[in-house]
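Here the structure comes first, spelled out in structure tokens, and everything after it is commentary.
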Amino acid sequence: MEQMQSKAYNQSSDQEEMADLIRRGPWTVEEDFTLMNYIARHGEGRWNSLSRCAGLNRTGKSCRLRWLNYLRPDVRRGNITLEEQLLILELHSRWGNRWSKIAQHLPGRTDNEIKNYWRTRVQKHAKQLKCDVNSKQFKDTMRYLWMPRLVERIQAQAATSGAGAAASVPPQAPVFGAHTYSPENSSVVASSDSFGTDLTDYCYNNYPVNQDYYHLSNYADQSLISPTAAYFPQGMDLTAEESCQWMNAGGDISDTLWNDIDDVC
DNA sequence: AACAGGCTCAACCGCCCGGAA
DNA sequence: ATTCCGGGCGGTTGAGCCTGT
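When you line the first sequence up against the working numbering, it's residues 24 to 288, in that order.
Okay, structure coming up:
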């Protein structure tokens, strides 16, 4: 650690004096404590002066990042849930790499965390499929295979969790109007924003209160019972047959994808 | 047990934007 | 109108951990 921290200092001659003052690299417990204490007493913002006043030899940016991504009390860490994964896929298909915007709809998750999830999990699959993450091919795979699979697994999870989970469903379980989750009513394809809005609003409103309240089974109707039927509707860019052909053409790749989807899910 | 390769994620970088001076 | 500064954002890096051999 000592080595790493000393290595982290700038080493150019002109910057030597600065390097003595400005620390970089991993934060120590003491620094975290100092930052948290200062923010508790004075609030956040004006990060450069905050850093100075708090006696932290860090850049303002570093302090801000540490606070927002790690120290903030409402930061949630740990595994991204199935529901969160689905939401990320959905929102990313709408907004692209607007991580902070996506993060706003996943309470407690930081843009950094979502970005990392996307890069390590989602991009990995694009790589395995030998296609670009922004290609239509990969987006179709996500839309027609990955996301339905996620919904399927979420349902299965809800079913196996049994009455206990059911009991935690809020009295007014969101049905999201007449909308069911399928690609055509997702804003990915259709102009309607209703699914995304409803879903994200629901997540935002309920997730911080009780995680159990947030599960997609509540707004899934019979169309989700058979994802393959529900997800390859008429008029889609890719028909079920085309999708199957495309996947089968991949041979091992398709098997790998399914396995990976299960792994990731 | 030791090693290599892959993966994760905290942290940094560079760019951009908006507001104040 | 211009410059400066704080803050936000997406992209990238690399140390440490994990896993397979």
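Cβ atoms here follow ideal geometry from the backbone N, Cα and C, with glycine treated the same way.
Segments assigned alpha helix (DSSP H), at least 4 residues, entirely inside the region 116-193: DSSP runs (the alpha helix (DSSP H)) wholly in the region 116-193: 122-127, 134-140, 146-151, 159-164 and 170-190.
Backbone CA spacing between Glu67 and Gln160 [nearest angstrom]: The straight-line gap from Cα to Cα measures roughly 44 angstroms.
Buried/exposed call for Gly101, threshold 16 Cβ in 10 Å: With fewer than 16 Cβ atoms within 10 Å of its Cβ, Gly101 is classed as exposed.
Distance, Met59 Cα to Lys162 Cα: Near 41 angstroms, if we compare the C-alpha coordinates of Met59 and Lys162.
Short Cβ contact (8 angstroms threshold) for Leu114 with Ile103: Taking a C-beta distance under 8 angstroms as the contact criterion, Leu114 and Ile103 do not qualify as a contact pair.
Spatial neighbours of Trp50 in its chain, beta-carbon cut-off 7 angstroms, leaving aside the 5 residues before and after: The beta carbon of Trp50 is closer than 7 angstroms to those of Arg89 in its chain, skipping five residues each way along the sequence.
Helix, strand or coil at Glu73 according to DSSP, with G and I counted as helix: Inspection of the sequence shows that residue 73 is occupied by Leu rather than by Glu. Here Leu73 sits in helix by DSSP.
Same chain, Cβ closer than 7 angstroms to Ala77, neighbours up to 5 away in sequence not counted: Result list for Ala77: Thr57, Leu58 and Tyr61, in chain order.
Where Thr57 sits in the DSSP three-state scheme: Thr57 falls in the helix class under three-state DSSP.
Same chain, Cβ closer than 7 angstroms to Tyr71, five either side skipped, listed in chain order: Residue identity differs from the one stated: residue 71 is Asn in this sequence, not Tyr. Non-local C-beta neighbours of Asn71 in its own chain, meaning closer than 7 angstroms and more than five positions away in sequence, comprise Gly83, ordered along the chain.
Close Cβ partners of Tyr140 (< 6 angstroms) along its chain, the five nearest in sequence each way excluded: Cβ within range, chain order: Ile103.
Element boundaries [alpha helix (DSSP H), containing Leu91]: Looking at the DSSP string, Leu91 is not in any alpha helix (DSSP H), and its letter there is neither H nor E.
Rounded separation between Arg176 and Thr183 - CA only: So the alpha carbons of these two residues sit roughly 10 angstroms apart.
Whole-angstrom C-beta distance between Asp97 and Gly131, which should lie under 8 angstroms: Cβ atoms of Gly131 and Asp97 come within 8 angstroms of each other, at about 5 angstroms.
Beta-carbon gap between Ser123 and Asp134 smaller than 8 angstroms: Their beta carbons are under 8 angstroms apart, which means Ser123 touches Asp134 by this criterion.
Simplified DSSP state of Val98, which is helix, strand or coil: Of the three classes helix, strand and coil, the one that applies to Val98 here is coil, per DSSP.
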